[in-house]
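Numbering (my numbering), first residue to last: 30 to 217.
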């Protein structure tokens, strides 16, 4: 068992070629933490999120779920869901939406992902994570920053687009018709 001090979270360890069995062992050892694994062999161990981020994340999940339920064309997952990506990475978006055809497959990548910046997140790391989502098949991604009240939109083959002082954000592509009132997220 590795000892990781919460004071140094997030912790990054290098474990190349992580097997399914070892992944399960690590998840059991660190069940109180959020754990991800990059395609470069970095194991990321993160402390649980703060209350404000958790409340914002719940709001975002609710808004995407309400849209998805009305359209009945896909499945929404939350931040505790780990996806085994085609690259071998294991990532957990704060919110994900995928068609029923992709749901349950391994490896797979949701068509739409949302990453919600928390006070402890580093923009560069979340940007890299968004690029990893796109490289594995995501068709649209939003990086939402409550501190700046901005949204950066990620699309395959395009430069990210940032909307400052965003009030709402409208879905496109796989989530066309989704509209999220960000005021409900910022007010938390």
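Glycine included, C-beta positions come from ideal geometry on N, C-alpha and C.
Computed from a prediction, not measured in an experiment: that's the story for all the values here.
Tell me, please, which residues DSSP counts as bridged to residue 106.
Beta-bridge pairing links residue 106 to 125.
Give the DSSP-derived three-state secondary structure of residue 210 in the structure shown.
Strand at residue 210.
Neighbourhood of residue 217 by C-beta distance below 7 angstroms, restricted to the same chain and skipping five residues each side
Leaving aside the five residues that flank residue 217 on each side, the residues in its chain whose CB is nearer than 7 angstroms to its CB run, in chain order, 81, 84, 85 and 88.
If you follow the alpha helix (DSSP H) that residue 142 is part of, which residue opens it and which one closes it?
Annotation for residue 142: no alpha helix (DSSP H) segment contains it, though the beta strand (DSSP E) segment containing it runs 141-145.
Take residue 150 as the anchor and find which of 165, 44, 59 and 76 has the nearest alpha-carbon.
Comparing Cα-Cα distances from residue 150 to each of 165, 44, 59 and 76, the minimum goes to 76.
Throw me the rounded Cβ distance for the residue 103 and residue 111 pair, which I believe falls under 8 angstroms.
With a Cβ gap of about 18 angstroms, residue 103 and residue 111 do not count as contacting.
Whole angstroms are fine: how far does the CA of residue 114 sit from the CA of residue 156?
Taking the straight line joining both Cα atoms gives about 17 angstroms.
Extent of the continuous alpha helix (DSSP H) to which residue 49 belongs
Looking at the DSSP string, the run of the alpha helix (DSSP H) that includes residue 49 is 49-58.
With 16 as the cutoff for other CB atoms within 10 Å, does residue 138 come out buried or exposed?
Buried is the call here.
Out of 119, 169, 120 and 173, which one is the CA nearest neighbour of residue 186?
The shortest C-alpha separation from residue 186 is found at 169.
Three-state secondary structure (DSSP) at residue 155?
For residue 155, the three-state secondary structure derived from DSSP is helix.
Classify residue 170 as helix, strand or coil using the three-state DSSP reduction.
In this structure, residue 170 counts as strand in the three-state DSSP scheme.
Looking only at its own chain, which residues have a Cβ that is under 6 angstroms from the Cβ of residue 41, when we skip the five neighbours before and after it?
Contacts found: 71 and 73.
By Cβ distance, which residues of its chain are closer than 8 angstroms to residue 105, with the 5 residues on each side in sequence left out?
Excluding residues within five positions, the ones whose Cβ falls inside 8 angstroms are 90, 93, 94, 97, 124, 125 and 126.
With H, G and I counted as helix, E and B as strand and the rest as coil, what does DSSP make of residue 89?
It is helical.
Top-ranked residue by Cα proximity to residue 49, from 109, 153, 66 and 62
Of 109, 153, 66 and 62, the residue nearest in Cα terms is 66.
Run of the beta strand (DSSP E) containing residue 63, from where it starts to where it stops:
Where residue 63 is concerned, the enclosing beta strand (DSSP E) stretches over 63-66.
Looking only at DSSP bridge pairs, what is residue 75 linked to?
Answer is 63, bridged to residue 75.
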